[in-house]
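Colleague:
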Amino acid sequence: MILDAVSDRVLQTVRLCCVAGHLTSVSINNGSKRALLCVRCAGAGIRPEPTVYFVVVGEAMVKPGISSGDGRGRLDTHRSQHGLDQVRRLITDLPIGAALNVERHVLSGLADQGIRPVMGFEFFDAAHIDRVLALADEWFAANLPNSLWSVTT
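Number 75 in numbering that gives the first Met the number 0 belongs to position 76 of the sequence shown; there are no gaps in the numbering.
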């Protein structure tokens, strides 16, 4: 049972109660792939909650994203597979839910401004780096004003 109003956005996240009675949240796109089951019931296994937010950029693309742990493995993947070699934001040890919320804020803000991905759902033209950073910084200023981030290269 979906507990929130559904819009026409595939990236919208809604709260749901799966068939086994587990309360969870899922993006519409992922939920439809799993037949609106929670991760546990869909057999996807238990994944650690993301507690890392990052923004990486290369010559052609910028990618805002989330990860768990220290995020380094994910950053290495983006560096080797997509040439995204500049880390512009790396915020670790976020409270549970914060990484997902900032990611949603950034992706929604870009969509609202008509900025569409050039690849997948989260890879944008590098020309939009300033907008991506501004949206992320806006979310952190409003929601976690004392959060520190490190910028590494």
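Here a beta-carbon is modelled for each residue, glycine too, at the ideal position from N, C-alpha and C.
To test your reading of the DSSP string, which unbroken beta strand (DSSP E) runs of 3 or more residues are found completely within the segment 73 to 131?
Modeller: Listed in chain order, the complete beta strand (DSSP E) runs (minimum 3 residues) inside the segment 73 to 131 are 85 to 90.
Colleague: Taking all protein chains shown into account, do 16 or more other C-beta atoms lie within 10 angstroms of the C-beta of residue 83, making it buried, or fewer, making it exposed?
Modeller: Burial call: buried.
Colleague: Could you check how far apart the C-beta atoms of residue 122 and residue 88 are, in whole angstroms? I think they sit under 8 Å.
Modeller: No, residue 122 and residue 88 are not in contact; Cβ-Cβ is about 16 Å, not under 8 Å.
Colleague: Just confirm the distance between the C-beta atoms of residue 61 and residue 127, as a whole number of angstroms; I'd bet it's less than 8 Å.
Modeller: With 8 Å as the limit, residue 61 and residue 127 qualify as a contact, their Cβ atoms being about 6 Å apart.
Colleague: Determine the DSSP secondary structure at residue 22, reduced to helix, strand or coil.
Modeller: DSSP places residue 22 in strand when its eight states are reduced to three.
Colleague: What residue does the beta strand (DSSP E) around residue 64 start on, and which one ends it?
Modeller: Looking at the DSSP string, the run of the beta strand (DSSP E) that includes residue 64 is 60 to 66.
Colleague: I'd like to check one pair, residue 57 with residue 81: are the Cβ atoms closer than 8 Å?
Modeller: Yes, these two residues count as a Cβ contact at 8 Å.
Colleague: Inspect the beta-carbon positions of residue 93 and residue 50 and report whether they are closer than 8 Å.
Modeller: Against a cut-off of 8 Å, the Cβ pair of residue 50 and residue 93 comes out as a contact.
Colleague: Using alpha carbons as the reference points, say which of 67, 97, 85 lies closest to residue 59.
Modeller: When each option's Cα is compared against that of residue 59, the closest is 85.
Colleague: Could you give the C-beta distance for residue 106 and residue 130, rounded to a whole number, given that I count them as a contact under 8 Å?
Modeller: That pair is no contact at about 12 Å.
Colleague: Quick check: what's the CA-CA separation for residue 192 versus residue 79?
Modeller: Residue 192 lies beyond the stretch modelled for the chain, which goes from 0 to 152, so this question has no answer here.
Colleague: Among the residues of its own chain, which have a CB less than 8 Å from the CB of residue 67, if the five just before and after it don't count?
Modeller: 46, 47, 48, 49, 50, 51, listed in sequence order.
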